[in-house]
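Residue numbers (this note's numbering): 8 to 126.
For every residue, glycine included, the Cβ atom is placed at its ideal position computed from N, Cα and C.
Here the structure is a predicted model, which means the values were calculated and not measured.
A short worksheet on the structure shown next.
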């Protein structure tokens, strides 16, 4: 179970462009994680700046760090991520089945004629 203080800290940590990008990259990398240098390269962020952002994510419990030789390996803390998502969706639609989300306004219109959509 996650408390509201932890939820606020996690959402605050993710409410910054570089931290959100780093977290998404680590989620994509899976449990093996990535070395800090590789994260910096892929996100085109200076190492000193990335270190600050990863520290913020680590303090919010969304990222864990381990040492492998001389490298620091960061990975998403999937239990914390799942707890956060669970907290946010726990009372979704008051327990009723949720309606599908409406299509985004910029989504291309599709024709009921499948031949026209194939073009």
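Under the assumption that residue 20 contacts residue 63 (Cβ atoms under 8 angstroms), give the Cβ distance between them as a whole number of angstroms. 5 angstroms
Assess, as a yes-or-no matter, whether the segment 95-111 is touched by the segment 21-30 under the definition of 3 or more beta carbon pairs within less than 8 angstroms. no
At least three beta-carbon pairs within less than 8 angstroms, the segment 65-79 to the segment 104-111: no
Using the beta-carbon count (16 or more within 10 Å), is residue 41 buried or exposed? buried
Assuming residue 71 contacts residue 82 (C-beta within less than 8 angstroms), just tell me the rounded distance between them. 6 angstroms
Provide the residue span of the alpha helix (DSSP H) that contains residue 75, from first to last. Taken as a continuous stretch (DSSP letters only), residue 75 belongs to no alpha helix (DSSP H), being part of the beta strand (DSSP E) at 70-75.
When we look at the beta-carbon of residue 30 and count the other beta-carbons within 10 Å, is it buried (16 or more) or exposed? buried
For residue 80, the first and last residue of its enclosing alpha helix (DSSP H): No alpha helix (DSSP H) contains residue 80, which is instead part of the beta strand (DSSP E) from 78-83.
Exposed or buried, which one is residue 95 when buried takes at least 16 other CB atoms within 10 Å? exposed
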